[in-house]
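Enquirer:
Protein chains: 2
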Amino acid sequence: MSANRIFETDLHQSEANFTQLSPISFIARSAHTYPDRCSIIHGTKRYSWRETYQRCRRLASALRNRGITPGETVAIMGANTPEMYEAAFGVPMAGLVLNTLNVRLDAANIAFCLNHGEAKILLTDREFSSTVKDALALLDHPIVVIDIMDSEYSGSGEVVGTTDYESFLLEGNPDYAWTLPEDEWQAISLNYTSGTTGDPKGVVYHHRGAYLNAMSNIVGWNMAHHPIYLWTLPMFHCNGWCFPWSIAAVGGTNVCLRQVNAAHIYAAIGDHGVTHFCGAPIVLNFVINASPEERRDFSHQVNVMTAAAPPPAQTLQRMQEQGFNVTHVYGLTETYGPAVICAWHPEWNDLTIEQQTAKKSRQGVRYHALEGLSVRDPETMKPVPADGETMGEVMFKGNVVMKGYLKNRDTTEAALAGGWFHSGDLGVIEPDGYIKLKDRSKDVIISGGENISSIEVEDTLHKHPAIMFAAVVAKPDDKWGETPCAFVELMADAGAVTEPEIIAFCRDNLAHFKCPRQVIFGTLPKTSTGKIQKFKLREQIIGRAHQ
Amino acid sequence: MSANRIFETDLHQSEANFTQLSPISFIARSAHTYPDRCSIIHGTKRYSWRETYQRCRRLASALRNRGITPGETVAIMGANTPEMYEAAFGVPMAGLVLNTLNVRLDAANIAFCLNHGEAKILLTDREFSSTVKDALALLDHPIVVIDIMDSEYSGSGEVVGTTDYESFLLEGNPDYAWTLPEDEWQAISLNYTSGTTGDPKGVVYHHRGAYLNAMSNIVGWNMAHHPIYLWTLPMFHCNGWCFPWSIAAVGGTNVCLRQVNAAHIYAAIGDHGVTHFCGAPIVLNFVINASPEERRDFSHQVNVMTAAAPPPAQTLQRMQEQGFNVTHVYGLTETYGPAVICAWHPEWNDLTIEQQTAKKSRQGVRYHALEGLSVRDPETMKPVPADGETMGEVMFKGNVVMKGYLKNRDTTEAALAGGWFHSGDLGVIEPDGYIKLKDRSKDVIISGGENISSIEVEDTLHKHPAIMFAAVVAKPDDKWGETPCAFVELMADAGAVTEPEIIAFCRDNLAHFKCPRQVIFGTLPKTSTGKIQKFKLREQIIGRAHQ
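Those protein sequence lines, which keep their order, are chains U and Y. In this text, residue positions in the first sequence follow my numbering: the first is 1, and each later residue adds one. In this text, residue positions in the second sequence follow my numbering: the first is 548, and each later residue adds one.
Shown next, in the form of structure tokens:
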């Protein structure tokens, strides 16, 4: 212990000088400061910050009126609508934990999440009623179901609950006196990872981490006050990377979007002056491959944050050529979404666009709220040298690493062993200290004893003008152990392309041992967030190998 | 207690998912991310972030090598030089508490601070050696004195210590393995308030508050990455409003400045492309009253944050007319500097410049890191109505309220009573929720039972074209109790102006009972930060009254 005596005497925490950190605080501030400013645009609907805050307070109050008590779970099966946004504040305002469900999951998986997370109330959009209805039949406990009847949704679906959302809000008090959590370490949300195998794991976030990552989004992305933020990223995904809270902090406008496609994105840019949006590379591909009729001119700066996958270099380059300012981030559900950013150096603007893309396709450096980012040998826990060559496992530490996996002590302990969160991603540290992902541990291809980064091969494939999406997985091989097998999805307007042509293209651009031995054409299976589901491709390969 | 069970089981804090908040973290990040970027400009000196970080680590290491232990105090008597900046990181990196001394204090007051704060080491700039030498003779404990020999200082002064700063740094290790505080509530700095009466009070800041206010400066001021920040605000004042830490967080460049005047400010804007500076209205007055020879053209946006006093509306208006983008903030030493901001509404840009100035001269709303800002009746603790009329005491709560006053339990408890920090400032809440200061409690003038805001009278006086500075204090009056007495300092080029003229000008613009009955001409006494020392004027009034 220290000799820190005089500064620890009679200098206690009190209500005046200590407050629990929580992003709820941001909406209270914006409602006070900018009450008449537009908070949400959804079709023809407009809400002000005063209204959104009142609706969130109503929601919190209505939830508590139904007898649900602090620390219990409220689930939501929703599209990117105002109700989803309101849940990000209204649920924690009531001291409850928000579980945003991945709407692409099937009924069995949804039921698993509701049972495992012990959700007491479910808010569900009519679009997903079919899945939800089946899931409800599998529940092991009673649940109150509230239907979100979005006027912007005209598709099929039925009422599966007992109350509609707007009536439910009327049960609540718009002046509800919410309180901050008793402890900022308390859970704010529960996000199930769409695991490639086994049951989903429930990642728990706390108020402190949500507050800090929301602030880091703003500072890291240079986000000025009053952004017009388009919801291309699902809010169910890592709580929309904490952006519901960031946008409230800077008094921005949320442009909701039920269905992500090129026409809708360009319309939002043209009609509402969208300044920011986030998304997986699939969203960027929509944008760069838009038809002339879908496109809209814009003269203001549009900032795009992208992550996952990692994005093919070609995608980054084409976005930039089309006038978008792309920031590349990286993170996992376990790190509140983005926790690593390819922090830009102004002098890089003088490089060629290819050189800029090479810089930008790296994952980068830690977010402000992340304390440590490292690439280590998972056995020895020693950091790899910053040589851009030596692979190790990417590891994180800090306040934006999850509280842990719900009801899963062993997995939590394993994930957080040795003082670091083990991401399962493989990468290198480049000489300038920026990290670059090489692969998921399980995605690396070991051929003749040599490691092949599937990402590197995919990056090469994406440079081929006919290829829209590419994924490379290991194919068992008697001689080499494994060899790379490429799955490619062609552009709509691509002519005939043959397997030998693709392989030849790779051999012109890659070390020969890294080139695919086989190319399979077709539509690639993707998750709701645009990640290609390699495990399905792997199953297909194994299936073929066993034929 | 809550039923919060599943989310509190097996989800503990660990080294992987919990880090103490501290602004030290920011410099480590910038040194890693932008090692070659310019951190500090001082005369012909240039440092990179790599170098500044190394120098800070050397400082931390050298301090610990001298046997000083965590929780002890290091004082610095310095100008706005690189050494001052380094102390903001190097001292807390060593687990020590930084006491930046107000260089305008006399030897007795400096000795009081060093004794009361129990400083073990003093870093002192040669410019202040005369005061320091006298202060050292008054110390009640041994102290190690290190001389800062700034090559940019060519004035008088002598060596008063045993080691010069550069040699001291060489005692330290540039790779020193500093650690975060054991607890973010631990003290990071000690700032004595330049009290108007009695001994200075030692305001204690903690790492958590410093981190949060540094982030709030960035988010509140819309500060993009890589600002060029000019040090017009003394770093000894509330740790430079936490801006040493903010600038590190955004990888900016600190332009040091030993002597603040119009020529130096414009030179820094012209030569270095300064984008941001802070200062009291006196700094703004330097700028707007600069001579043609002192001025430099600039085409980029220069952002100015101002506080204290509050700034006369005329000053704000003239700054804006001269192309500066002024943000008005408000706070006290007890709130880490700025904790309230006149958050701008984009639609206000359509108002006339006079209307804009009227909006901007209000103090505004809470900073992001401040949880509560209120105007209350200090007796009942009830908030005043938001009518713009009812006065109350401005009160603060949140993580950027001080830990307390050092070794001063009673005063701390009184200041933080009832869950709020009592500022001693009087204000109103306007109908839009923005607060507007009316006066210091002790500055309000009560005449015939009516409260007169000295600020309102001063604002009127500042509109007079011949008046540079004005201060209004209460003069004892047998009939009215008190009447306003004005002290005015005229512009250098002002012609002859008489007392009746000034009073007539006020009567044209103010309710008559608020007008000064007496006007005294002369140079006004000011603190080092440009605040007019009203207590001296009050003494003068009392002196005259007793004559």
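All residues carry an ideal CB built from backbone N, CA and C; glycine is no exception.
Exposed or buried, residue 159 (chain U), counting other C-beta atoms within 10 Å across all chains shown (16 or more means buried)?
Expert: Flag for residue 159 (chain U) reads exposed.
Enquirer: Output the boundary residues of the alpha helix (DSSP H) element that contains residue 905 (chain Y).
Expert: Note, residue 905 (chain Y): alpha helix (DSSP H), 900-907.
Enquirer: Can you grab the Cα-Cα spacing for the pair residue 126 (chain U) / residue 75 (chain U), in whole Å?
Expert: When rounded, the distance between both Cα atoms is 15 Å.
Enquirer: Less than 8 Å between the CB atoms is what I'm expecting for residue 642 (chain Y) and residue 728 (chain Y), so what's the real figure, rounded?
Expert: Correct: roughly 7 Å between the Cβ atoms.
Enquirer: Can you give the Cα-Cα distance for residue 943 (chain Y) and residue 250 (chain U), rounded to whole angstroms?
Expert: Distance between the alpha carbons of residue 943 (chain Y) and residue 250 (chain U) is about 21 Å.
Enquirer: Residue 585 (chain Y) lies in the beta strand (DSSP E); which residues open and close that run?
Expert: Taken as a continuous stretch (DSSP letters only), the beta strand (DSSP E) holding residue 585 (chain Y) covers 585-589.
Enquirer: Drop a sphere of 10 angstroms on the beta-carbon of residue 566 (chain Y), count the other beta-carbons inside from all chains shown, and report buried for 16 or more, exposed for fewer.
Expert: The residue in question, residue 566 (chain Y), is buried, as its Cβ has 16 or more Cβ neighbours within 10 Å.
Enquirer: Just to confirm before moving on: does the CB-CB distance between residue 117 (chain U) and residue 99 (chain U) stay below 8 Å?
Expert: Yes, the pair counts as a contact, with Cβ atoms nearer than the cut-off.
Enquirer: Can you find the residues in the same chain that come closer than 7 Å, C-beta to C-beta, to residue 766 (chain Y), ignoring five residues on each side of it along the sequence?
Expert: So the list reads 915, once near-sequence residues are dropped.
Enquirer: Can you list, in chain order, the residues of its chain with a C-beta nearer than 6 Å to that of residue 451 (chain U)? Leave out the 5 residues immediately preceding and following it.
Expert: Only 444 meet the Cβ criterion.
Enquirer: Helix, strand or coil for residue 1007 (chain Y) per DSSP?
Expert: The answer is helix: DSSP assigns residue 1007 (chain Y) an H, G or I state.
Enquirer: Select from the region 9-34 of chain U all residues with a C-beta closer than 8 Å to any C-beta belonging to chain Y, and list them in chain order.
Expert: Listed by position along the chain: 9, 10, 11, 12, 13, 14, 15, 16, 17, 18, 19, 21, 25, 26, 29, 32, 33, 34.
Enquirer: For the region 396-430 of chain U, which residues have a beta carbon sitting closer than 7 Å to at least one beta carbon of chain Y?
Expert: Taking 7 Å as the Cβ-Cβ cut-off against chain Y, the residues of the region 396-430 of chain U that qualify are 397, 398, 399, 401, 402, 403, 404, 406, 407, 409, 412, 416, 419, 420, 421.
Enquirer: So, for residue 1028 (chain Y): in the same chain, excluding its five sequence neighbours on each side, which residues have a beta-carbon less than 8 Å away from its beta-carbon?
Expert: 993, 994, 995, 996.
Enquirer: Using a Cβ-Cβ cut-off of less than 9 Å, list which residues of the region 188-215 of chain U approach chain Y; keep chain order.
Expert: Result list: 190, 204, 206, 208, 209, 212, 215.
Enquirer: So with Cβ pairs under 8 Å, would you call residue 998 (chain Y) a contact of chain U?
Expert: With 8 Å as the cut-off, residue 998 (chain Y) does not count as an interface residue toward chain U.
Enquirer: Using the Cα positions of residue 905 (chain Y) and residue 866 (chain Y), report the straight-line distance between them to the nearest angstrom.
Expert: Distance between the alpha carbons of residue 905 (chain Y) and residue 866 (chain Y): 14 Å.
Enquirer: Closer than 8 Å is the cut-off here; do at least three beta carbon pairs connect the region 975-985 of chain Y with the region 929-936 of chain Y?
Expert: The region 975-985 of chain Y vs the region 929-936 of chain Y: in contact.
Enquirer: Tell me the DSSP secondary structure of residue 977 (chain Y) in three-state form.
Expert: Reduced to three states, the DSSP call for residue 977 (chain Y) is coil.
Enquirer: Once the 5 residues before and after residue 623 (chain U) are set aside, which same chain residues still bring their CB inside 6 Å of it?
Expert: The displayed coordinates of chain U run from 1 to 547. Any statement about residue 623 (chain U) would go beyond what the structure contains.
Enquirer: If you follow the alpha helix (DSSP H) that residue 960 (chain Y) is part of, which residue opens it and which one closes it?
Expert: Taken as a continuous stretch (DSSP letters only), the alpha helix (DSSP H) holding residue 960 (chain Y) covers 956-962.
Enquirer: Return no unless some Cβ of chain Y is closer than 8 Å to the Cβ of residue 143 (chain U).
Expert: No, residue 143 (chain U) does not count as interfacial toward chain Y.
Enquirer: Of the residues that make up the region 905-919 of chain Y, which ones have a beta carbon closer than 7 Å to any beta carbon in chain U?
Expert: Residues 912, 913, 915, 918.
Enquirer: Could you check whether the Cβ of residue 554 (chain Y) sits closer than 8 Å to any Cβ belonging to chain U?
Expert: Chain U, which has a Cβ nearer than 8 Å to the Cβ of residue 554 (chain Y), makes this yes.
Enquirer: Would you call the region 471-487 of chain U and the region 535-544 of chain U in contact, with 3 or more CB pairs under 8 Å?
Expert: Result yes; three or more Cβ-Cβ pairs closer than 8 Å.
Enquirer: Given that residue 766 (chain Y) touches chain U, what residues does it touch there, using C-beta distances under 8 Å?
Expert: Per Cβ cutoff of 8 Å: 215, 218, 219, 249, 250.
Enquirer: Taking the C-alpha atoms as reference points, what is the distance between residue 59 (chain U) and residue 1009 (chain Y)?
Expert: Rounded to whole angstroms, residue 59 (chain U) to residue 1009 (chain Y) spans 50 Å at the Cα level.
Enquirer: In chain order, what residues of the same chain have a beta carbon less than 6 Å from the beta carbon of residue 64 (chain U), not counting five sequence neighbours either side?
Expert: Closer than 6 Å at the Cβ level, and outside the excluded window around residue 64 (chain U), lie 94.
Enquirer: Please list, in chain order, all residues of the same chain as residue 5 (chain U) whose beta carbon is under 7 Å from its beta carbon, the five residues on each side excluded.
Expert: For residue 5 (chain U), where only same-chain residues beyond five positions count, there are no Cβ hits under 7 Å.
Enquirer: For residue 602 (chain Y), count neighbouring C-beta atoms within 10 Å of its own C-beta (all shown protein chains included) and say buried if the count is 16 or more, exposed if not.
Expert: Residue 602 (chain Y) should be labelled buried.
Enquirer: Three Cβ pairs or more, each shorter than 8 Å: is that satisfied between the region 573-587 of chain Y and the region 693-702 of chain Y?
Expert: Judged by Cβ distances under 8 Å, the region 573-587 of chain Y makes no contact with the region 693-702 of chain Y, as fewer than three pairs qualify.
Enquirer: Which of the residues in the region 251-267 of chain U, read from start to end, lie with their CB under 9 Å from any CB of chain Y?
Expert: So the close ones are 251.
Enquirer: Within 8 Å of any Cβ in chain Y, is that where the Cβ of residue 92 (chain U) sits?
Expert: By this cut-off, residue 92 (chain U) is not an interface position.
Enquirer: Quick one, which of U:505, U:410, U:342 has its alpha-carbon nearest residue 437 (chain U)'s?
Expert: Of the listed residues, the one whose Cα sits closest to residue 437 (chain U) is U:342.
Enquirer: Under a three-way DSSP split, which group does residue 174 (chain U) fall into?
Expert: The answer is coil: DSSP assigns residue 174 (chain U) none of H, G, I, E or B.
Enquirer: Assuming residue 205 (chain U) contacts residue 239 (chain U) (C-beta within less than 8 Å), just tell me the rounded distance between them.
Expert: About 7 Å; that satisfies the 8 Å criterion.
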